[in-house]
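**Q** If you scroll down you'll find the structure; I have some questions about it.
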Amino acid sequence: TKTISKCYIQVTGMTCASCVANIERNLRREDGIHSILVALMAGKAEVRYNPAVIHPSAIAELIRELGFGATVMENCDEGDGILELVVRGMTCASCVHKIESTLMKTNGVLYCSVALATNKAHIKYDPEIIGPRDVIQVIKDLGFTASLVKKDRSASHLDHKQEIRQWKRSFVVSLVFCIPVMGLMIYMMVEASQLADAHAHHNMSNEEMEALHSSMALEYQLLPGLSVMNFLSFLLCVPVQAFGGWHFYIQAYKALKHKTANMDVLIVLATSIAFVYSFVILLVAMAEKAKVNPVTFFDTPPMLFVFISLGRWLEHVAKGKTSEALARLISLQATEATIVTLGPDNVLLSEEQVDVELVQRGDIVKVIPGGKFPVDGCVIEGHSMVDESLITGEAMPVTKKPGNTVIAGSINQNGSLLISATHVGADTTLSQIVKLVEEAQTSKAPIQQFADKLSGYFVPSIVAVSVITLFAWIIIGFVDFEIVEKYFLGYNKSISAAEVIIRFAFQASITVLCIACPCSLGLA
Numbered sequence: 001t002k003t004i005s006k007c008y009i010q011v012t013g014m015t016c017a018s019c020v021a022n023i024e025r026n027l028r029r030e031d032g033i034h035s036i037l038v039a040l041m042a043g044k045a046e047v048r049y050n051p052a053v054i055h056p057s058a059i060a061e062l063i064r065e066l067g068f069g070a071t072v073m074e075n076c077d078e079g080d081g082i083l084e085l086v087v088r089g090m091t092c093a094s095c096v097h098k099i100e101s102t103l104m105k106t107n108g109v110l111y112c113s114v115a116l117a118t119n120k121a122h123i124k125y126d127p128e129i130i131g132p133r134d135v136i137q138v139i140k141d142l143g144f145t146a147s148l149v150k151k152d153r154s155a156s157h158l159d160h161k162q163e164i165r166q167w168k169r170s171f172v173v174s175l176v177f178c179i180p181v182m183g184l185m186i187y188m189m190v191e192a193s194q195l196a197d198a199h200a201h202h203n204m205s206n207e208e209m210e211a212l213h214s215s216m217a218l219e220y221q222l223l224p225g226l227s228v229m230n231f232l233s234f235l236l237c238v239p240v241q242a243f244g245g246w247h248f249y250i251q252a253y254k255a256l257k258h259k260t261a262n263m264d265v266l267i268v269l270a271t272s273i274a275f276v277y278s279f280v281i282l283l284v285a286m287a288e289k290a291k292v293n294p295v296t297f298f299d300t301p302p303m304l305f306v307f308i309s310l311g312r313w314l315e316h317v318a319k320g321k322t323s324e325a326l327a328r329l330i331s332l333q334a335t336e337a338t339i340v341t342l343g344p345d346n347v348l349l350s351e352e353q354v355d356v357e358l359v360q361r362g363d364i365v366k367v368i369p370g371g372k373f374p375v376d377g378c379v380i381e382g383h384s385m386v387d388e389s390l391i392t393g394e395a396m397p398v399t400k401k402p403g404n405t406v407i408a409g410s411i412n413q414n415g416s417l418l419i420s421a422t423h424v425g426a427d428t429t430l431s432q433i434v435k436l437v438e439e440a441q442t443s444k445a446p447i448q449q450f451a452d453k454l455s456g457y458f459v460p461s462i463v464a465v466s467v468i469t470l471f472a473w474i475i476i477g478f479v480d481f482e483i484v485e486k487y488f489l490g491y492n493k494s495i496s497a498a499e500v501i502i503r504f505a506f507q508a509s510i511t512v513l514c515i516a517c518p519c520s521l522g523l524a
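Under the UniProt record's numbering, read the sequence shown as residues 1 to 524, first letter to last.
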C-alpha cells in the first residue's frame, strides 16, 4: 500500500470559485498528489499526497506557479474533527473505560475522553476515515445512547441590547441633570460680565462691590457660606454621580483591581475628586460662615458623564448593527440535511434526516427544490438553478450541473440535486464568514488600542502633575506669601497664612486634575 500523508497549505490571492477550480484542476494532474480540497473563505488547501514522490514545499511551489501566494501550514491538527457528545446510560467507571477503549481501537479516532460526572464525551477524529455518525453508532452498539451537544445557534452572545439600554439610561439621567447645571453656569457668566461692566464704569469701593455681588439672586446665601447656586449645583450633581456614573465606577474598580489604568479610571478620578473637593470646601465655608462663596466644581461631573455616556451608547448601537447582520447570517444555516445511500448506477437505496453537524465529508446529500444547501459540496446528479445571492450578491440564479460546486446556505430553486459534501461543519463558507465577522467584532481598532495605551500612562502622569502643583504652591507660598495673596481673592482674613497657602495649593492642584482628566483624548 502507498503511504499517504496530508498537509495544509495557506493560499492567498484567491478571489472567487474559479480560482479554486483552477488550483484543484491543475494540482490533480501532478504526480504524487492524491486529492486536493481548497476552501475559499478560509484560504486553505488540504492536500493528500505520496511523500515518496512529492513534498509539501513542492506542492506550495506548484500553487505559486499558478499565480497565488502559498505557504505550508505547520500546525496540521486543524484538520482533525472535534466532537462533543452527550452520552446517556453510563453507570460507573467501567462503562467509561469500555467506551474509551472501544473508541480508541476504532480506526480514525485519534483521542477520546469520557467524563462520567457530566455525561460528556470529547472525541478527536480524522474526518478522512471516520465521521460523527460512525462514532455515535459505535457508542450505540455498546448499549449507550449518544447525541450531539446542542449548539446555541441564536448568536445571543452578540446581543448588545442590554448594554444599549444601560448606556442610554446613563446618558438620559446625566442629561436631565446636566441641562439645569449648564443653565446656571451660563446665567452666572452673564451676571458676572455685567458686574464687571458696572465695576469698570463706576469706581466703587470693594464693600459696595461685595454688596452688589451678594445681591445677585444665585449668590444669595441660604446659610452662611452656602449660596443658592452652590446648593442647586450640589443637588443636581448627586444623582448624576450616583446613577449616571454607576457603570463607570464598576469598570474602574475592576481595572484598578488588575493594576491597570484605563479611561474609566480617569473619568471616575476626575468626577469623584471634583465632587468630593467641592463638597468639602462647601462644608468648610459653612463652618467658617464665609462672606464670599467658594468656587466649586459641581458642574464638572454632569457635563463629563453626558459626553462619555453618549459616546458609549453610540458605540454599542453601532456594534449592535453589526451583530444583527451577523445573527442574520447565522440564521441562514440549514439545521437538517437529508443523507442518501446510493447503490450501483446512482440508484437511491435509502435516505435519512440528520442534524447538520452529523454530515461528514463524502456524504451524499439530497437537496429538494426550495431547500437550503446544508454544506458546501459538489453536484453529482441533477440540474437546477441556485440562488447564491446571500453569499455572492449575484441576483440572478446560477445554473448547477454535475461537477459544479455549491455553497452552504444558498437556496435550491427548481430541480432536485444530489451533492457530495466537501466542506462540513466549521469549514463551510458560511461558517468562515461568520467567524471572520465575529473576529472583526472582537478586535479593537488600532487607534483605540493606542488611546488605551496612552491613558495607561496618562492617568499616573496627570496625578503626578497635580501633586507637583500642590507642593510647588506650598513652597511658593511659604517663600513669598504675597504671590498667593494676589491670586487667592476674598479669602477669610481671620485664618492663618499657612492655612491660606495650603488651601490655595489644594485648589490649584484639584483644578489641574479636574481640567486635565476629562481630556479630549477620553472624549474622542
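A virtual CB, placed ideally from N, CA and C, is assigned to each residue, including glycine.
To the nearest angstrom, report how far apart Cys-378 and Val-398 are at their CA atoms.
**A** 14 Å
**Q** Got a sec, what are the start and stop residues for the alpha helix (DSSP H) Met-229 sits in?
**A** From DSSP, the alpha helix (DSSP H) with Met-229 extends over 228–239.
**Q** Just grab the DSSP bridge partners of Thr-399 for me.
**A** Met-385
**Q** Output needed for Lys-140: all residues of its chain with C-beta closer than 8 Å, excluding positions within five of it in sequence on either side, in chain order.
**A** Ala-146
**Q** For Val-47, name the three-state secondary structure that DSSP assigns.
**A** strand
**Q** Ordered along the chain, which non-local residues of its own chain (more than five positions away) have a Cβ less than 6 Å from that of Ser-509?
**A** Ser-466, Thr-469 and Leu-470
**Q** List the whole-angstrom C-beta distance separating Val-367 from Asn-412, where the pair is believed to meet the contact cut-off of C-beta under 8 Å.
**A** 5 Å
**Q** Apart from the five residues just before and just after Gly-403, which ones in its own chain have a Cβ nearer than 8 Å to its Cβ?
**A** These residues qualify, in order along the chain: Cys-378 and Val-379.
**Q** According to the neighbour-count rule (16 or more other Cβ atoms, all chains shown, within 10 Å of its Cβ), is Pro-369 buried or exposed?
**A** exposed
**Q** Quick one: what's got a C-beta closer than 7 Å to Val-424's C-beta in the same chain, skipping five residues either side?
**A** If the five residues before and after Val-424 are omitted, its C-beta is found closer than 7 Å to the C-beta atoms of Val-359, Gln-360, Arg-361 and Val-375, all from its own chain and listed in chain order.
**Q** Pop quiz: Thr-335 and Met-41 are said to be a contact at Cβ under 8 Å. What is the actual Cβ separation, rounded to whole angstroms?
**A** Rounded, the Cβ-Cβ distance is 21 Å, inconsistent with contact.
**Q** By Cβ distance, which residues of its chain are closer than 6 Å to His-258, with the 5 residues on each side in sequence left out?
**A** none
**Q** Determine whether the beta carbon atoms of Gly-415 and Ser-389 lie at a separation below 9 Å.
**A** no
**Q** Could you give the DSSP three-state label for Lys-319: helix, strand or coil?
**A** helix
**Q** Under three-state DSSP, which class holds Glu-336?
**A** strand
**Q** Residues in its own chain within less than 8 Å of Val-149 by CB, not counting five upstream and five downstream?
**A** Glu-84, Leu-85, Val-86 and Lys-120
**Q** In its own chain, which residues sit with a C-beta less than 6 Å from the C-beta of Tyr-111, not counting the 5 before and 5 after it?
**A** Excluding residues up to 5 positions away in sequence, Lys-124 lie with their Cβ nearer than 6 Å to the Cβ of Tyr-111 in the same chain.
**Q** Looking only at its own chain, which residues have a Cβ that is under 7 Å from the Cβ of Asn-26, when we skip the five neighbours before and after it?
**A** Leu-66
**Q** State buried or exposed for Cys-92, treating a residue as buried only when at least 16 other CB atoms are found within 10 Å of its CB.
**A** exposed
**Q** Just to check my reading of the structure: Thr-338 and Gln-353 have Cβ atoms closer than 8 Å, yes? What is that Cβ distance to the nearest angstrom?
**A** 6 Å
**Q** Note down, one range per segment and in chain order, each beta strand (DSSP E) of at least 3 residues found wholly within the region 124–205.
**A** If only uninterrupted beta strand (DSSP E) runs of at least 3 residues are considered, those enclosed by the region 124–205 are 145–148.
**Q** Which residue comes first and which comes last in the beta strand (DSSP E) that contains His-423?
**A** 417–423
**Q** Please report the residue range of the alpha helix (DSSP H) in which His-247 lies.
**A** 246–257
**Q** Keeping to the same chain, check which residues put their C-beta closer than 8 Å to that of Trp-473; ignore five residues upstream and five downstream.
**A** Val-484, Ile-501, Phe-504, Ala-505, Ala-508 and Ser-509
**Q** Taking Ile-281 and Pro-294 to be in contact with their CB atoms under 8 Å, please state how far apart those CB atoms are, rounded to whole angstroms.
**A** 5 Å
**Q** Is Phe-171 closer than 9 Å to Cys-95 when the C-beta atoms are compared?
**A** no
**Q** Between residue 532 and Ser-410, which are expected to be in contact by the criterion C-beta below 8 Å, what is the C-beta distance as a whole number of angstroms?
**A** Not covered by the structure: residue 532. The range shown for the chain is 1 to 524.
**Q** Kindly indicate the opening and closing residues of the alpha helix (DSSP H) around Ser-57.
**A** 56–65
**Q** Just to check my reading of the structure: residue 529 and Val-181 have Cβ atoms closer than 8 Å, yes? What is that Cβ distance to the nearest angstrom?
**A** Given a span of 1 to 524 for the chain in the structure shown, any question on residue 529 remains unanswerable.
**Q** What does Gln-353 pair with, by DSSP beta-bridge criteria?
**A** Thr-338
**Q** So, at 6 Å on beta carbons, what are the nonlocal neighbours of Leu-329 in its own chain, with the 5 sequence-adjacent residues on each side left out?
**A** Within the same chain, Leu-329 has close Cβ partners Val-434.
**Q** Identify whether Thr-102 lies in helix, strand or coil by the three-state DSSP scheme.
**A** In the structure shown, Thr-102 sits in a helix (DSSP, three-state: H, G or I).
**Q** So the candidates are Val-138, Val-173 and Ile-447; which of them puts its Cα closest to the Cα of Phe-305?
**A** Val-173
**Q** Counting pairs of beta carbons, one from the region 18–36 and one from the region 44–52, are three or more of them closer than 8 Å?
**A** yes
**Q** Tell me which residue opens and which closes the alpha helix (DSSP H) that Leu-27 is part of.
**A** 17–28
**Q** Can you check which of these residues, Tyr-8, Ile-164, Met-189 and Phe-298, is closest to Ala-318 by C-alpha distance?
**A** Ile-164
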